[in-house]
Amino acid sequence: MKRRTMLGGALALGARPAWGASPLKVAFVYTGPVADMGYTFEHDLARRAMQTHFVDAVQSHYVENVAEGPDCERVLRQLASGGDDLIFATSFGFMNSVMRVARQFPDVKFEQATGYKTAANVSEFNLRFYEGRIVCGTLAGMLSKTGIAGYVAAYPIPEVIMGINAFTLAARKVNPKFQVKIIYLNSWIDPPREADAARSLLDQGADILSDHMDSSAVMQTAEARGVLAFGQSSDRSKVGPKAQLTSIVDNWAPYYIKRVQAALDGTWKTSSVWLGMKDGAIVLSPWGPGVTPAARAAGDRMKAGIIDGSVQIFAGPINDQSGTLRIPAGQVMTDDQVLKMDWLVEGT
Amino acid sequence: MNGGILIAALVSATTGATPLVLAAVGETVSERSGVLNLGVEGMMLAGAVGAFATTAVTGSDLLGIFVGGAAGAALAALFALVTLTLAANQVASGLAVTIFGTGLSSLLGAGFVGRRAIPLAHVHIPLLSDLPILGPLLLRYDPLVYFSVAITAFVAWALAHTRAGLILRAVGENDDSAHALGHNVIRVRYLAVLFGGAMSGLAGAYLSLAATPMWVEGLTAGRGWIALALVVFGAWRPWRVFAGAYLFGGISVLQLFLQGAGFVLVPTQVLAMIPYLATILVLVVISSGGARRRLQAPGSLGNPFRAAR
């Protein structure tokens with residue numbers, strides 16, 4: 043017991059003085075490479091924005107390409123024992139490692155993205171990616187001539203499924219006969235297969251493409267075949283200057299700045315947030331040349347509706363793929379229900 | 363499935379199979395000479411980034427293809443130096459080449475992520491390419507597709523019918539005997555490994571210039587390993603390896619079309635697993651001596667050779 047107190051005292055001595063003589067050390071753990079031009083790229087963009095915001099008060103660094111599992115635990119432990127005060131882990135698959143390491147380092151603050159577990163020193167944060175899909179679905183419903191969209195998706199997990207469902211529901215509000223054809227690739231990134239999947243969807247009658255993948259291969263295929271497409275994670279207009287209608291861009295910077303500020307002020311408390319367009323965390327890139335004035339107006343209306351809360355995409359009645367009523371009229375799915383969504387809506 | 367979709371599926375299968383054919387036929391030559399190079403994935407990545415960077419900077423896709431092949435061969439030369447001249451363990455060195463190639467390609471490619479490149483031009487023969495079914499099916503690919511068929515034919519012919527092919531096989535079957543007969547084992551193996559590396563580089567170039575004209579880290583997504591498995595699957599025979607690549611390319615494309623059409627025969631996760639499952643199975647089978655002999659694996663495969671033994 044005595045030794046533990048001593049150890050605690052030593053730790054307290056080693057901790058950063060409150061008057062900020064030395065900067066707050068903030069570490070980021072990424073699942074992909076910062077150059078993926080997608081999910082991890084946006085996280086690092088936000089990290090750099092945060093670093094610029096705090097200048098010398100914060101010293102941030104990152105570890106990229108961290109495999110989910112034991113490797114992640116090793117990295118987290120190394121960062122925590124190496125003097126980092128606040129650690130952001132940016133993948134769902136890091137969650138259990140964060141929980142384990144956080145127990146061993148009660149003085150280090152952890153932030154875990156897209157998970158669902160919290161602890162005294164572990165906060166959880168997520169974005170409502172599906173909100174962007176509502177706008178995309180609306181545009182698809184208006185702009186598709188065949189009434190069929192192709193959707194290249196990574197894995198059939200709730201995060202992906204809620205996006206497909208939001209997209210489909212929005213498109214079917216415009217065109218009740220709208221169909222969405224889905225291909226799962228069971229990988230987050232495999233450009234040649236993403237392109238193959240996109241081509242096969244186009245060959246099967248789709249004339250507008252959406253994807254939930256980490257590369258821009260689907261956008262590139264759309265550009266090559268002269269059809270329209272939606273991007274995600276990052277603005278992909280460089281790859282598809284004519285094809286891109288809009289991209290759903292993740293903006294993590296406001297959250298990172300807010301949390302680092304709280305850590306600097308000593309007001310950091312564990313929390314669990316799910317941020318969306320209202321918070322400026324989900325942004326749509328500027329409308330592409332393929333967006334007609336009518337579609338632009340509808341898209342803008344949807345955006346405003348999502349921000350003021352009048353658009354509730356997961357409000358009943360909602361039927362599932364087989365036509366069975368899942369959510370009765372007058373009922374809106376709770377966040378908890380949405381986060382656990384494992385069934386596809388009618389029209390897919 | 364109507365005719366148009368069937369043709370589209372076959373065309374997709376060809377683009378899926380071509381990089382596998384290039385890498386696997388190259389590796390077949392290397393393994394027939396008795397050298398197991400597990401660095402295919404790394405050499406493919408080096409080829410992919412080399413080809414893309416060159417094309418993006420110079421605008422010449424021909425130069426890009428050349429540099430892609432050269433980049434693969436350069437990594438292969440490193441592998442050859444370590445395993446042939448210095449007689450290091452081939453399995454460990456091959457894995458190291460893959461890891462090194464992955465890291466090197468990320469480093470060199472960092473500045474090229476998100477850049478656009480003009481896709482490799484497709485062949486177009488007036489009149490013939492416009493034929494209704496034959497045209498899209500056979501006569502509208504990019505040059506590398508035709509090259510992959512030609513090189514398979516050449517390798518099959520050279521291995522079976524030329525003196526050089528005979529020497530290469532002799533070196534792979536029994537290096538000591540070949541050495542006793544006065545053949546330069548190390549030189550033959552160097553050439554075979556370099557050829558395999560250049561072909562892996564071309565496979566990478568195909569991915570970054572033709573299949574998806576872009577560069578991202580890990581563009582090959584495990585295709586190098588599938589190519590390695592195909593060599594065994596095809597029992598070290600070029601045309602069987604070729605058929606295996608098309609079979610695999612065909613199945614993976616068929617799966618995409620079926621999913622798009624709403625047929626899910628088996629869960630998609632199972633389909634994603636199949637190539638790797640097949641790889642494990644094949645590797646288990648060839649690890650047992652009897653099967654290895656039945657499949658006629660090169661007798662000295664994986665053996666380091668020292669002349670003064």
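Residue numbers (the numbering used here), protein chains in the order written: chain A, 43 to 390; chain B, 363 to 671. We treat Cβ as the ideally placed atom computed from N, Cα and C, and that holds for glycine. No experiment lies behind these values; they were computed from the predicted model shown.
Taking GLU110/A as the centre and dropping the five residues before and after it, the same chain places the C-beta of THR73, SER133, GLY135 and PHE136 closer than 7 Å to its C-beta, in chain order.
Nearest CB-CB separation between THR380/B and chain A: not below the 8 Å threshold. LEU66/A is a Cβ neighbour of VAL100/A, given a cutoff of 8 Å. By the C-beta density criterion, PHE625/B is exposed, having fewer than 16 other C-beta atoms within 10 angstroms. Along the region 394-412 of chain B, none of the residues has a CB nearer than 7 Å to a CB of chain A.
Assignment of beta-bridge partners to GLU153/A by DSSP yields PHE130/A and SER165/A. Taken through DSSP and simplified to helix, strand or coil, LEU251/A comes out as strand.
Residues of chain B with a Cβ closer than 8 Å to the Cβ of GLN93/A do not exist, since the nearest Cβ in that chain sits about 19 Å away. For GLY664/B, not one C-beta of chain A is nearer than 8 Å to its own C-beta. When only Cα atoms are considered, PRO198/A and TYR226/A end up about 7 Å apart.
Within the region 342-373 of chain A, the runs of beta strand (DSSP E) that reach at least 3 residues and sit entirely inside it are, in chain order, 367-369. The secondary-structure analysis by DSSP pairs HIS103/A across a beta bridge with ALA69/A. By the C-beta density criterion, PRO112/A is exposed, having fewer than 16 other C-beta atoms within 10 angstroms. Relative to the Cα of VAL429/B, the nearest Cα in the group THR416/B, LEU521/B and LEU590/B belongs to THR416/B.
Within the same chain, and ignoring the five residues on either side of ASP86/A in sequence, the residues whose Cβ sits closer than 6 Å to its Cβ are VAL76.
Residue environment for MET635/B: exposed (fewer than 16 other C-beta atoms within 10 angstroms of its C-beta).
For PRO481/B, the nearest beta carbon of chain A is closer than 8 Å to its own beta carbon.
By the Cβ-count criterion, ASP232/A is buried, with 16 or more other Cβ atoms from all chains shown falling within 10 Å of its own Cβ. Think of a sphere of 7 Å around the beta carbon of ALA573/B: the chain A residues whose beta carbon falls inside it are PRO234 and ALA237, in chain order.
In this structure, VAL222/A is the residue among TRP230/A, VAL222/A and ARG235/A with its C-alpha nearest to the C-alpha of SER252/A. Residues of the region 72-87 of chain A that bring their beta carbon within less than 7 Å of a beta carbon in chain B comprise PRO75, ALA77, ASP78 and MET79, in sequence order.
Shown in chain order are the members of the region 274-301 of chain A whose Cβ falls below 7 Å from a Cβ of chain B: LYS280 and VAL281.
Taking C-alpha positions only, ILE348/A is separated from TRP601/B by approximately 58 Å.
The shortest CA-to-CA distance from VAL373/B to any of LYS320/A, ASP350/A, ASP245/A and GLY332/A is the one to ASP245/A. Within the DSSP secondary-structure output, LEU317/A pairs in a beta bridge with LEU169/A. Per the DSSP secondary-structure output, PHE272/A pairs in a beta bridge with THR288/A. For GLU389/B, not one C-beta of chain A is nearer than 8 Å to its own C-beta.
Distance between ALA337/A and ALA479/B, taken at the CA atoms: about 31 Å. Along the region 363-386 of chain A, there is no position whose C-beta sits under 9 Å from a C-beta of chain B.
The continuous alpha helix (DSSP H) containing TYR552/B extends over residues 547-567. A Cβ-Cβ distance of about 5 Å is found for the pair ILE176/A and ALA212/A, placing them in contact under the 8 Å criterion. Contact annotation: ALA144/A and ALA161/A have beta-carbon atoms nearer than 8 Å. With a cutoff of 8 Å on beta-carbon distance, ALA413/B and GLY566/B are scored as near each other.
Within chain B, the residues whose beta carbon sits less than 8 Å from that of ARG241/A are ALA370 and SER374, listed in sequence order.
When CB distances to chain A are screened at a threshold of 7 Å, the residues of the region 454-479 of chain B falling below it are SER468, ALA472, VAL475, GLY476 and ARG478, in chain order.
Under the three-state reduction of DSSP, VAL222/A is assigned to strand.
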